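In what follows, a single structure is set out as structure tokens and then discussed.
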Amino acid sequence: MANIPAMIDERQRRFLYSWMHRNPADLKKLASRDCMFVFATNPPEVLDRPSFTASVENDFRCLGYRVGESVVRRHGRAVWFTASADLELKLGAREWQGRFLMTGLWNKFRIGGWKLVEHSLAPLENDKRFADSVRRLQMWQG
Numbered sequence: 088m089a090n091i092p093a094m095i096d097e098r099q100r101r102f103l104y105s106w107m108h109r110n111p112a113d114l115k116k117l118a119s120r121d122c123m124f125v126f127a128t129n130p131p132e133v134l135d136r137p138s139f140t141a142s143v144e145n146d147f148r149c150l151g152y153r154v155g156e157s158v159v160r161r162h163g164r165a166v167w168f169t170a171s172a173d174l175e176l177k178l179g180a181r182e183w184q185g186r187f188l189m190t191g192l193w194n195k196f197r198i199g200g201w202k203l204v205e206h207s208l209a210p211l212e213n214d215k216r217f218a219d220s221v222r223r224l225q226m227w228q229g
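Mind the numbering: the sequence shown is residues 88 to 229 in the numbering used here, read in order.
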């Protein structure tokens with residue numbers, strides 16, 4: 088039997104690694120087609136998978152990460168990943184770094200296996216400027 092918590096932990100770290108190395112193809116393999124990325128900015132902002140992967144190729148960079156202790160809990164065909172993380176992010180000229188609560192909801196699909204369906208980052212500090220920058224990445228707005 089597979090060790091689900093270890094596998095999900097590895098996939099979550101692969102997600103961060105792919106973001107840091109600006110690899111949208113790998114991010115697309117890890118994330119479901121309807122995956123949403125939630126940023127706990129003030130106000131909160133959401134990016135869909137096309138918006139997030141396009142931003143990774145351009146201005147939204149993960150410069151470094153250190154994941155703390157994680158908790159992985161299975162719920163049927165879904166797994167909830169939660170961990171603290173020290174992140175260094177950059178969006179254009181703006182830096183966003185510090186301690187974050189990182190969560191990921193992974194779902195097991197019949198075809199394709201485990202995929203990320205929702206990912207969220209919640210910083211300890213509020214910064215409206217970053218929320219405005221994330222909102223501009225949304226491709227579905229005119």
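By construction, the Cβ of each residue, glycine as well, lies at the ideal position given by its N, Cα and C atoms.
Just so you know, these numbers come straight off a predicted model, no measurement behind them.
**Request:** Since I believe Val-159 is in contact with Pro-92 (beta carbons under 8 Å), could you give me their beta-carbon distance rounded to a whole number of angstroms?
**Result:** Yes, they are in contact, since the Cβ atoms of Pro-92 and Val-159 sit about 4 Å apart, within 8 Å.
**Prompt:** Quick one: what does DSSP say Pro-131 is sitting in, helix, strand or coil?
**Reply:** DSSP places Pro-131 in coil when its eight states are reduced to three.
**Message:** If you measure between the beta carbons of Phe-147 and His-206, is that distance less than 8 Å?
**Reply:** Judged by beta-carbon spacing, His-206 lies beyond the 8 Å limit of Phe-147, meaning their Cβ atoms are not closer than that value.
**Message:** Buried or exposed for Gln-99, going by 16 or more other Cβ atoms inside 10 Å?
**Reply:** Label assigned to Gln-99: buried.
**Prompt:** Are the Cβ atoms of Arg-181 and Ser-220 separated by less than 8 Å?
**Reply:** It is a contact, given that the beta carbons lie within the stated cut-off.
**Span separating the alpha-carbon of Thr-169 from that of Glu-97** = So the two alpha carbons sit approximately 13 Å from each other.
**Item:** Counterpart residues of His-162 in DSSP-defined beta bridges
**Value:** Its beta-bridge partners are Ala-165.
**Message:** If contacts are defined as beta-carbon pairs under 8 Å, then Ala-141 and Arg-153 qualify, I think. What distance do you get, rounded to the angstrom?
**Reply:** Going by Cβ atoms, the distance from Ala-141 to Arg-153 rounds to 26 Å, so no, they are not a contact pair.
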